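Heads up: the sequence lines are chains A and B, in that order.
For what it's worth, my numbering labels the leading residue of the first sequence as 1, then goes sequentially.
For what it's worth, my numbering labels the leading residue of the second sequence as 143, then goes sequentially.
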Amino acid sequence: MGEEKGGFEPKIVGFTCNWCTYAGADLAGTSRKKYPPNARLIRMMCTARFDPMFAFKALLNGADGVFISGCHPGECHYIKGNFYARRRIAAMRTILKQLGLDDRVKSYWISASEGVKFANTMKNITEEIRELGPNPMRDKIL
Amino acid sequence: MGIAVIGGGVAGITAALDLADAGYKVYLIEKNAQLGGKVSELAECEMGLTSRIVKIENHPNIELMLSSEVEGLSGSAGDFKLNVSGNEIGVESVVLTPGYDVYDNIAKGYAIDNPDVLPSLEFEGMLKACTKCENGALVRPSDGKPVKKIGFIKCIGSRCQDNEICSTACCYYTAKEAWEVKERYPDMDIYIFYMDVRTFGKDEALVSDLKGKYGVKYIRSRVPEVIAEDGTLTVKYEDLAKGTVEQLDLDMVVLAVGLLPSKTMGKLAEITGVKTDKYGYIETSMTSPLETSVSGIFAGGVATAPMKVRESVAQASGAALKAALLSGRTEMIPGQEERKYIEVGEEPKIGVFICGCNGDVAGSMDVPAVAEYVEELRDVVAVNTNTLKETMDAIEGGIVDQGLNRIVVAGFSPREYEEMFRDACAKAGLNPYLLEMVNLREQCAWVHGAEDATKAAKSLMTMAVERARYLEPVPIEQYPVTPKALVVGGGVAGMNAALDIATAGYDVYLVEKESELGGKLKEIPELQNGVKGSDMLSEFADKVTSNDNITVYTGAAVEDVRGRAGAFKAKVTGAGVDDEIDFGAAVLATGAQEFVPEGYFGYGQAQNVVTQFEFAKMLPVDANTIAMVIDGASGDGVYSKSNSIEAVTNALKAKKLKPEANVFVLYQEIKTYGKWEMLYKEARESGVIFLRYDAEKPPVLQDGVLSVFDVIFNDEVQIKPDLMVISALMQPAAENEQLSKMFMVPLKNGFFLEEQERPKLVLTPVDTVNEGVFICGSAVYPAMIDETLAMSSAAASRACVLLAKNFIETPGIVSVVDDEICAGCGVCVEICPVEAIELVDEPVAAVTYSMMTVISGNKKVAMVTEGCIGCGSCASYCPSDAISLQNFKAKQLYAQLDFA
Chain A
1 MGEEKGGFEP KIVGFTCNWC TYAGADLAGT SRKKYPPNAR LIRMMCTARF DPMFAFKALL
61 NGADGVFISG CHPGECHYIK GNFYARRRIA AMRTILKQLG LDDRVKSYWI SASEGVKFAN
121 TMKNITEEIR ELGPNPMRDK IL
Chain B
143 MGIAVIGGGV AGITAALDLA DAGYKVYLIE KNAQLGGKVS ELAECEMGLT SRIVKIENHP
203 NIELMLSSEV EGLSGSAGDF KLNVSGNEIG VESVVLTPGY DVYDNIAKGY AIDNPDVLPS
263 LEFEGMLKAC TKCENGALVR PSDGKPVKKI GFIKCIGSRC QDNEICSTAC CYYTAKEAWE
323 VKERYPDMDI YIFYMDVRTF GKDEALVSDL KGKYGVKYIR SRVPEVIAED GTLTVKYEDL
383 AKGTVEQLDL DMVVLAVGLL PSKTMGKLAE ITGVKTDKYG YIETSMTSPL ETSVSGIFAG
443 GVATAPMKVR ESVAQASGAA LKAALLSGRT EMIPGQEERK YIEVGEEPKI GVFICGCNGD
503 VAGSMDVPAV AEYVEELRDV VAVNTNTLKE TMDAIEGGIV DQGLNRIVVA GFSPREYEEM
563 FRDACAKAGL NPYLLEMVNL REQCAWVHGA EDATKAAKSL MTMAVERARY LEPVPIEQYP
623 VTPKALVVGG GVAGMNAALD IATAGYDVYL VEKESELGGK LKEIPELQNG VKGSDMLSEF
683 ADKVTSNDNI TVYTGAAVED VRGRAGAFKA KVTGAGVDDE IDFGAAVLAT GAQEFVPEGY
743 FGYGQAQNVV TQFEFAKMLP VDANTIAMVI DGASGDGVYS KSNSIEAVTN ALKAKKLKPE
803 ANVFVLYQEI KTYGKWEMLY KEARESGVIF LRYDAEKPPV LQDGVLSVFD VIFNDEVQIK
863 PDLMVISALM QPAAENEQLS KMFMVPLKNG FFLEEQERPK LVLTPVDTVN EGVFICGSAV
923 YPAMIDETLA MSSAAASRAC VLLAKNFIET PGIVSVVDDE ICAGCGVCVE ICPVEAIELV
983 DEPVAAVTYS MMTVISGNKK VAMVTEGCIG CGSCASYCPS DAISLQNFKA KQLYAQLDFA
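Here is the structure:
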């Protein structure tokens, strides 16, 4: 890699639900809120579709950070899909901790009207992951 | 023949689409060269309006007449002849949606010539165009310096001498603009000068958020002038608490300018013969808010009274249905033709279509570089860069002529355009789920710098192309639509919706929980326009009971709802009733009920404390001193939009009936919106005394003396009322909780929530997240009777659009089970949020040993029912990957992920 810690551009993969966070990201766009271009979003109808394997795969692929973001509690388009996601993320963390990758996986609630929150979240996660440095898996796998 | 819609703003667009989608021929006449009207000038118009305009431009049932004006109208309902810029068209009915113009006689005193003083619409344009400002900063047009302090002045050109009525929309749009500014520029100091804050429901929550967590300063003062000197704008205002005149220097001032009837309205009224009121708005009545004075001509939107977008589109939808009832369906409904999808081979042939979005994308990134990059990607056989309209045609051509079997469209957000492009694929014979969209505009071009955006775009394109390689055709079946509707609630909203749907020719089941129809209307002695509540009730109830298409169930409830849009099933149970019903659409119109303000001002104990509802029934009364408190009662529930209006009506009536009586109205905000402002004026002129108090110092009743700190006199006032009248809050119907679960419609504070696909611009006020289920009336928010009627006609209109279809295609994004792998563990059954998965027995293949056949019995397998809503919970929880969500299969997501 050869990139200096703090000077590299982290690669981030985000899993968002169609109804809240993806819409929030759209609103950030219509409000022309600028944010760093490090995150790639994968749209799913509901974060309930999120499978912890997706996060592991992303990390194994060399992503430096992963996030999952859905509707606020109680506002899920599918009633309780975001709670399922939360439950699975919590379970996933026990393994991530063992692997030392826990800090690299974040989860948020961002609604369709929170364009600014989405943009700020992208700024923050980019900085946080930049601070952590490149994903150690990168060198091992690739 | 057909229907003419005159005016192509948001109301006209809504009316035209409702009609055309239901199979009517529509002539949409707009005087400007493009559609969209005033809403297209709003900061958030990209959300929702543009895709509707594109839909209209491509709609086979709509004849779009731009830059055209109506020059003559003859004939009568059922047979009108219109002269539109020299062309004659024949129609059965007409919908008038000419919209509004803004007040333009702004007093010189507001320094309107100063470039830093902007009318609200211009300010919206500025917010919209802020990409052009350096770093997205809000700068002063005069000197380019960043704006740090901004003031909004409300009621400019409304509630004033030459436009006496209230413009209704400004309180909300000012709040929305302030919110927008604060969200983008959190350090901005914002001041809002106002007379009353006339917002309701969710909008009220926005205002309290602004005052609270956003720190926006709301200052109650009518600002007489803005002084522009040496690059500073100075606003003088009266500080009511201190009784002093204060002065504030601002960098920018936004004038919340009032609305006036469209300048074309006068001529249009002359041509069509519709009556206008003294303000120039089309005259309608409380009990028939969509009908004009000319039979066969209907009206909607701001042409009838100033109102917000939400109410405008509801009226327009309702007016469209009323017009449709006089016309006949002559056209095919798009998507109702038999569709055969081409066989898609294993080998992906991907066509990529990049849309520059009129410079929105092309202006912020290097599109040719992206296109060149995409050409090299696996399985990409064609790359096009086009405009939106060209793209639509190019997709069809690509599929038919080039044999493309996977389509990637890059440009707009899929949330807005996916449906349209899916449809374009389907038209050309390609399974609509072989489409993948890349969000190059909202999530790339608009949020990153040019270099970053180009780089990110390449990566997004790779992800999409890789995902597209694994897309599979999704089996689509057509199922017939049951041409019947269920209406829950037999109040005025429910009866009106039922009548409208029944008149359109569909069977309706009307289910009312009480033993007779009428709901809240039974409690209203007289409407503001003098119509007796009982007269209106018997008129509606008679029409309902005598209509052959309507089956009325009273004392009954709906249970056990199953199925999906177009083909629902439910049970109706009650005294002696246990029916199974089929219906294609449902309208929830459960209304609201008055909260019993037990204990407030001694209500319930003292004989002389009553609610406004009770007071209306008591009139005339013998009391010498009547005190009303508008916002005083707390408790559970929400304030009705009719709250202030009812109080002012009753106060005025009491005063007129007994002029020597003292009538006091204690209030925080008088919300007599629109033309009701005149009622408020009349009440003040007739001697009703209005006393304003602050929320921190609410009025107190002790030993028969009502003390209130009046903020205008800046002193305590004591009243000894013979009769206290309090406004009770409204509560949602008790059954909403259950109906919400049955019909999958979320609640907010107990009231049904409309579809929230867009955060701010509500263009579908009666649709819900559950397709086929519509909401209206006080079940959504308690409102005046005219609004309730318009809204229920809108719900009927939306329902009829669905019922007009012969069949609906099954949704593609649903879960499917691989029976071979499924072990029948039942995890998915537990997980499914809508109970749409069942375990069923499946015989296990028989094994034959020479002369003997052994059948090892049944195994349990999961079966997805038609209730599936496609969340994918089951797919991610299944331990053996036997269940998967179509279009979001693991391999499709991994393909995308691997190139992220």
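Using N, Cα and C, we set each Cβ at its ideal position, and we do this for glycine too.
Predicted model, so just to flag it, every value in this text is computed and none were measured.
At 3 residues or longer, what runs of the beta strand (DSSP E) sit wholly inside the stretch 632-715 of chain B? 649-654, 692-696, 698-706
Run down chain B in chain order and give the residues with a C-beta less than 7 angstroms from the C-beta of A/ASP51. Position 51 of the first sequence, counting from 1, holds the residue named residue 51 of chain A. Simply SER1018.
Report the three-state DSSP secondary structure of B/GLN389 (helix, strand or coil). Counted from its first residue, the second sequence places residue 389 of chain B at position 247. Of the three classes helix, strand and coil, the one that applies to B/GLN389 here is strand, per DSSP.
Establish whether the CB of A/THR30 and some CB of chain B are separated by less than 9 angstroms. Along the first sequence, one-based indexing puts residue 30 of chain A at 30. Chain B contact via Cβ: present.
When DSSP builds the beta bridges, which residues end up paired with A/TRP109? If you number the first sequence from 1, residue 109 of chain A lands on position 109. According to DSSP, which records beta bridges pairwise, A/TRP109 is partnered with A/GLY70.
With three or more C-beta pairs closer than 8 angstroms as the rule, is the stretch 388-407 of chain B touching the stretch 257-270 of chain B? yes
Taking the straight line between their C-alpha atoms, what separation do you get for A/LYS97 and A/GLU128? Counted from its first residue, the first sequence places residue 97 of chain A at position 97. Counted from its first residue, the first sequence places residue 128 of chain A at position 128. Their Cα atoms are separated by approximately 17 angstroms.
I believe B/TYR333 touches B/ILE361 by the beta-carbon criterion, under 8 angstroms. Please report the beta-carbon distance rounded to the nearest angstrom. Here residue 333 of chain B refers to the residue found at position 191 of the second sequence. Here residue 361 of chain B refers to the residue found at position 219 of the second sequence. With 8 angstroms as the limit, B/TYR333 and B/ILE361 qualify as a contact, their Cβ atoms being about 6 angstroms apart.
Top-ranked residue by Cα proximity to B/GLY675, from B/ILE666, B/GLY999, B/VAL436, B/SER193: The residue given as residue 675 of chain B occupies position 533 in the second sequence. The residue with the shortest Cα to Cα distance from B/GLY675 is B/ILE666.
Are the Cβ atoms of B/THR696 and B/SER657 separated by less than 9 angstroms? In the second sequence, the residue the question calls residue 696 of chain B occupies position 554. In the second sequence, the residue the question calls residue 657 of chain B occupies position 515. Their beta carbons are under 9 angstroms apart, which means B/THR696 touches B/SER657 by this criterion.
Going by beta carbon distance, what residues of the same chain come within less than 6 angstroms of B/GLY150, once the five residues before and after it are set aside? In the second sequence, residue 150 of chain B corresponds to position 8, counting from 1. Once the five neighbours on either side are set aside, the close Cβ partners of B/GLY150 are LEU170, GLU172, LEU177.
Reduced DSSP secondary structure (H/G/I, E/B, other) of B/LEU159: One-based indexing of the second sequence puts residue 159 of chain B at position 17. In the structure shown, B/LEU159 sits in a helix (DSSP, three-state: H, G or I).
Give the single residue among B/LEU799, B/MET562, B/PRO924 whose Cα lies nearest to the Cα of B/GLU736. Here residue 736 of chain B is taken as the residue at index 594 of the second sequence, counted from 1. Among B/LEU799, B/MET562, B/PRO924, the Cα nearest to that of B/GLU736 belongs to B/PRO924.
Where B/PRO625 falls: helix, strand or coil (DSSP): To locate residue 625 of chain B, count along the second sequence from 1; it is residue 483. Of the three classes helix, strand and coil, the one that applies to B/PRO625 here is coil, per DSSP.
Measure the C-alpha to C-alpha separation of B/SER435 and B/GLY415 and round it to an integer number of angstroms. As a first step, residue 435 of chain B is located in the second sequence; it is residue number 293 there, counting from the start. As a first step, residue 415 of chain B is located in the second sequence; it is residue number 273 there, counting from the start. Going by the C-alpha atoms only, they are around 8 angstroms apart.
Excluding the 5 residues preceding and the 5 following B/ILE868 in the sequence, name in chain order all residues of the same chain whose CB lies nearer than 8 angstroms to its CB. In the second sequence, residue 868 of chain B corresponds to position 726, counting from 1. Hits under 8 angstroms: PRO739, TYR742, PHE743, TYR745, VAL751, VAL752, THR753, GLN754, MET770, VAL771, GLY774, ALA775.
From B/LYS817 to B/TYR242, what distance separates their C-alpha atoms? Translated into the one-based positions of the second sequence, residue 817 of chain B becomes position 675. Translated into the one-based positions of the second sequence, residue 242 of chain B becomes position 100. Using only the alpha carbons, I get a separation of about 15 angstroms.
Neighbour-count burial assignment, B/GLN1034, 16 or more Cβ in a 10 Å radius: Within the second sequence, the letter at position 892 stands for residue 1034 of chain B. Answer is buried; the Cβ neighbour count reaches 16.
Alpha-carbon spacing of B/VAL444 relative to B/ALA146, whole angstroms: For the purposes of this step, residue 444 of chain B is taken as residue 302 along the second sequence, with counting starting at 1. For the purposes of this step, residue 146 of chain B is taken as residue 4 along the second sequence, with counting starting at 1. Using only the alpha carbons, I get a separation of about 18 angstroms.
Amino acids of chain B, ordered along the chain, whose beta-carbon sits closer than 7 angstroms to that of A/TYR108: Indexing the first sequence from 1 puts residue 108 of chain A at position 108. Those do not exist, as A/TYR108 stays about 16 angstroms from chain B at its closest Cβ, beyond 7 angstroms.
If we call anything under 9 angstroms between Cβ atoms a contact, is B/LYS662 one with B/PHE342? Residue numbering aside, residue 662 of chain B sits at position 520 when the second sequence is read from its first letter. Residue numbering aside, residue 342 of chain B sits at position 200 when the second sequence is read from its first letter. Taking 9 angstroms as the Cβ cut-off, B/LYS662 and B/PHE342 do not qualify as a contacting pair.
In this structure, what does DSSP give as the bridge partners for B/LEU833? One-based indexing of the second sequence puts residue 833 of chain B at position 691. According to DSSP, which records beta bridges pairwise, B/LEU833 is partnered with B/LEU808.
Let me know the secondary structure DSSP gives B/PHE855 once reduced to three states. In the second sequence, the residue the question calls residue 855 of chain B occupies position 713. Here B/PHE855 sits in coil by DSSP.
For B/ALA570 and B/LYS180, what's the separation of their Cα atoms in angstroms? Sequence index remark: in the second sequence, residue 570 of chain B carries index 428 (1-based). Sequence index remark: in the second sequence, residue 180 of chain B carries index 38 (1-based). Going by the C-alpha atoms only, they are around 35 angstroms apart.
Closer than 9 angstroms, CB to CB, is B/GLU532 near chain A or not? Translated into positions along the second sequence, residue 532 of chain B becomes position 390. Interface with chain A (9 angstroms Cβ-Cβ cutoff): B/GLU532 is excluded.
Just mark B/ALA793 as buried or exposed, buried being the case when its beta carbon has 16 or more other beta carbons within 10 Å. Taking the first residue of the second sequence as 1, we reach residue 793 of chain B at position 651. With 16 or more Cβ atoms within 10 Å of its Cβ, B/ALA793 is classed as buried.
Is the CB-CB distance between A/ILE12 and A/SER69 below 9 angstroms? Here the question's residue 12 of chain A lines up with position 12 in the first sequence. Here the question's residue 69 of chain A lines up with position 69 in the first sequence. Contact: no.
Could you tell me the alpha carbon to alpha carbon distance between B/VAL512 and B/THR596, rounded to whole angstroms? On the second sequence, position 370 is the one that residue 512 of chain B refers to. On the second sequence, position 454 is the one that residue 596 of chain B refers to. The alpha-carbon separation between B/VAL512 and B/THR596 amounts to approximately 7 angstroms.
Members of the stretch 72-90 of chain A near chain B, C-beta cut-off 7 angstroms: HIS77, TYR78, ILE79, LYS80, GLY81, TYR84
Coil, strand or helix - B/CYS964 by DSSP: On the second sequence, residue 964 of chain B is found 822 positions in, with the first residue counted as 1. Annotated three-state conformation of B/CYS964 is coil, per DSSP.
Starting from the C-beta of B/THR406, find all residues in its chain whose C-beta is less than 8 angstroms away, skip the five residues before and the five after it, and write them out in chain order. As a working note, residue 406 of chain B is residue 264 in the second sequence. The answer, listed in chain order, is LYS173, GLU211, PRO240.
Could you give the uninterrupted runs of the beta strand (DSSP E) lying entirely in the stretch 448-504 of chain B, keeping only those of 3 residues or more? 492-497, all fully within the stretch 448-504 of chain B.
What is the DSSP secondary structure of B/ILE195, reduced to helix, strand or coil? Here residue 195 of chain B corresponds to residue number 53 of the second sequence, with the count starting at 1. B/ILE195: helix per DSSP, three-state reduction.
Closer than 9 angstroms, Cβ to any Cβ of chain A: which residues of the stretch 594-608 of chain B, in chain order? So the list reads ASP594, ALA595, LYS597, ALA598, SER601, LEU602, MET605, given in the order they occur along the chain.
Cα separation between A/LYS33 and A/LEU132? Residue 33 of chain A sits at position 33 when you count from the first residue of the first sequence. Residue 132 of chain A sits at position 132 when you count from the first residue of the first sequence. Cα-Cα distance, rounded: 25 angstroms.
Cβ of B/ILE643 within 9 angstroms of Cβ of B/ALA941? By 1-based counting over the second sequence, the position of residue 643 of chain B is 501. By 1-based counting over the second sequence, the position of residue 941 of chain B is 799. It is a contact, given that the beta carbons lie within the stated cut-off.
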